[in-house]
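What follows is a short report on a single structure.
Structural data, given as C-alpha cells:
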C-alpha cells in the first residue's frame, strides 16, 4: 500500500513539476545542468571515511578565467567586439572601492572592457539613476553593476530596478529573481555568489538532486538566491534565519550546507553531519591575536574533522563569485551580439 | 560561550534582515502583518490537548466578501467608480469554465464589474496577447486574470509576462514573484491561494514567526509563492518535492504544514506531528464508492486525530482563495484611483 502510494506520489507529482520553458532563440543560463562551456571531469563522491577535501576556489576561478579569456579573444577576432562591464560606485567606502578594484582587475585579465562611474557619497538619487540610464544606453556596455551597499539616502530598490534587465549581471533585478524562483523560467542572470556555489558543487562532483540542503541566511544578494537555485537543482531546501528556533538541529540534517550571515565561527563542529559538504559564504574582517584577517561563518578547525568537502575563507567562494560576474558579462555580450563560439 | 554565540547570532544577523522598504506614496500589500482592512480577534493557540478545530473557509470568505462589498459601495458612492476584473478564458475545459463562472459570481457579490474574454481552443498566441493588451489599456479594468492552464501551443510565460504588472491580480508576473521573494520588497500582488493561506493562519491566531513550516509541492501557482510568503513571515521553511528522499520524516517536523500536489490522501496520519496546523491546498476530483467528490492531499480521517487546526476539502482554502482574488482586484482599483476609505 505504501509502495503504491509512493509510486503514485512520484508519478502524479510530475505534472506539478513539468517544465514549461519556452525555447529561446539564443540559449540562456541553464539551470538544470552545469553550463556548456566547461566540461569538468566528474570527480568521485565523498564519504565519511575520506579525509576532508578543501575546495580550491582560486584554482577553479583561474580555470574559468582562462576559458573566458579564450572566448573573449575569439569574440574580438570574430566580430571585433569586446564584452563591457559598467560599474557604479557611490561614496568612499574602503571595502566597496576594494571590491570594485578587484572586479576591474579580473575584467582586464579576461579582456572585458570595464568602466567605473564614481559618484560622491552625497550625490542625489537622480544622479545615480542618470548614471544607470547612461550605461543602459551605452552599446559597448553589456553588464551593469551597482556596487552595494549604497548610502542610506539612496533607494537601492529604485536604482537596481532601473538597470536594464538584459544588463543586470548581478541578477538582483526582480524579474531575474522571479524567473530564478519559478520552475520552467530562465533568468537572464543568476546572482554571482549563488552561481559560484553551484559551480563549485558541480566541479567537485557533488550530486544536488534529492539532497537535503540547508541555507543559513536569506539575504537578497546571497542566501535567498542560493536557496532558490538549490531548489531549482532539486535539492530539498530549508532556510535557517534569525527567527529559527533550533538552527543547530536543522543544520545538522544538511547534506549540503551553505552559510552566509557574516557571523565568524557561528557554525560549530557539532552543527555538522559527518560527510556534509560545506560552502562557507561568510566573510568578516576580524582583528584578534593573529592580526586582521577574513573569517567565514563556519569554524574551520572543527568543520575539517566533519565535512567531506569544505570551502576555506578566503580562497573558497570569493574568487569563484568574481569569475561568475565575468561569465555573466560575457554571456550578456554574447546575447547582445547573438554571437557564439560556433558563429 | 554558547550563550554569547547565540546573542552574537541574534544581534549580528539583524543586519542581513533589516528592511529596506522604500516608503510608498500609496500603501501596498503588507507582508509583515495581516492587511489593515480586517481586524480579526486573536484566537487562542492550540495545543495537542485540544480537539482538532476545522478551519471554516466558507465563513471567512463570506466575512471578507461582506467587508469588500461595503468598501466597493463606498468607492462607488465616493468616486462613482467600481473595481473591474478582466478574465481571459481560452478553450472549452470544463474545470476552467467552472472556475471562471465561480470567480464571476464572486465579483458580482461584492460589486466588482467583470468581463470575460472567451477565445477558442485553437486561437493563436497573438490573439491572446492582443486580448491581454486590450485589457491592459482598458481603464475600467484594474485586474487581469488569464485562466490557467492554457492550451499547449500557447506560451504561458509569454502571456503572463504581457499582463501589466499593476493589473496582475494573480501575482504570477515575475516582477511580483521576485518582489515577493526578496526581503524588504513589496509585490503589488500576492498569489491568491498563498495569500489565502496566510489569511487563514492569521484569522485562527496561528503564530508563524519562528515556526517550522513545511510546504509539499513547489508549483509556481501555489507551493512556491506560499513557501516564499511563509518565509517573509519569518517561518523556517522547508520545501518537499518529488525528489525529496524522506518526505514523511521532514513533514513530521512541521508546526505548519501546507500541501499542494494534487495527490489524494498523500499525507497520512503518521506524517504529522501532534498539534500541527494543516492547510490542505490539494483539490482532486475522485470517483469512488461515494461517487464523484473533491479530495485534498491530506487524509482527513487520520489528520483529524493529530492536527490542532485543519482545513477541510472542499470548504477550506478554496473559498478564501477566491475572496483573495477579489481583495487583489479591489486593491488594484484603489491604487489606480489613489482612493482609500478615508479619502
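Protein chains in written order, with this note's numbering: chain V, 2 to 344; chain B, 2 to 344. Glycine included, every Cβ here is placed at the ideal spot set by N, Cα and C.
Within the same chain, Cβ atoms closer than 6 Å to the Cβ of residue 274(V) are found at 253, the five residues on either side in sequence being excluded.
In the assembly as shown, residue 108(V) is a buried residue. Its beta-carbon has 16 or more other beta-carbons within 10 Å. In this chain, the alpha helix (DSSP H) harbouring residue 75(V) covers 58-80. Its Cα nearest to that of residue 87(V), the residue 119(V) stands out among 179(V), 299(V), 119(V) and 181(V). Here residue 152(V) has 91, 92 and 122 as same chain residues with Cβ atoms under 7 Å from its own Cβ, once five neighbours each way along the sequence are excluded.
If you draw a straight line from the Cα of residue 85(B) to the Cα of residue 111(B), it is about 11 Å long.
Residue burial is scored here from C-beta neighbours: residue 67(V) has fewer than 16 other C-beta atoms within 10 angstroms and is therefore classed as exposed.
Residue pairing by DSSP places residue 215(B) opposite 239(B) and 258(B) in a beta bridge.
Per the coordinates, the alpha-carbon of residue 217(V) lies some 14 Å from the alpha-carbon of residue 230(V). Under the 9 Å criterion on CB atoms, residue 288(B) is classed as non-interfacial with respect to chain V. Contact with chain V is found for residue 229(B), since one of that chain's Cβ atoms lies less than 9 Å from the residue's Cβ.
Across the set 117(B), 338(B) and 297(B), the C-alpha of 297(B) shows the shortest separation from the C-alpha of residue 311(B). Here residue 281(B) is buried: its Cβ has 16 or more other Cβ atoms, across all protein chains shown, within 10 Å. Fully enclosed alpha helix (DSSP H) runs of no fewer than 4 residues occupy 175-182 of the stretch 163-187 of chain V, in order along the chain. Shown here, residue 224(B) sits in a helix according to DSSP, grouped into three states. Residue contact check for residue 246(V) against chain B: a CB pair falls below 9 Å. Residue 156(B): not part of any alpha helix (DSSP H); DSSP gives it neither H nor E.
A Cβ-Cβ separation of about 20 Å leaves residue 248(B) out of contact with residue 226(B) under the 8 Å criterion.
Between residue 169(V) and residue 189(V) the beta-carbon gap is near 7 Å, inside 8 Å, which marks them as a contact. Residue 149(V) and residue 315(V) have their C-alpha atoms spaced approximately 20 Å apart.
In chain B, no part has a C-beta under 7 Å from the C-beta of residue 325(V); the shortest such distance is about 19 Å. A residue is called buried once 16 or more other Cβ atoms fall within 10 Å of its Cβ, and residue 203(B) is buried on that count.
For residue 269(V), same chain residues with a beta-carbon under 6 Å away, outside a window of 5 residues either side, are 300 and 303 in chain order. Per the C-alpha coordinates, the member of 95(B), 317(B) and 340(B) positioned closest to residue 205(B) is 317(B).
For residue 237(B), the chain V residues whose Cβ falls inside 8 Å of its Cβ are 239, 240, 241, 242, 244, 245, 246 and 251, in order along the chain. In chain V, no part has a C-beta under 7 Å from the C-beta of residue 165(B); the shortest such distance is about 14 Å.
Interface with chain B (9 Å Cβ-Cβ cutoff): residue 196(V) is excluded.
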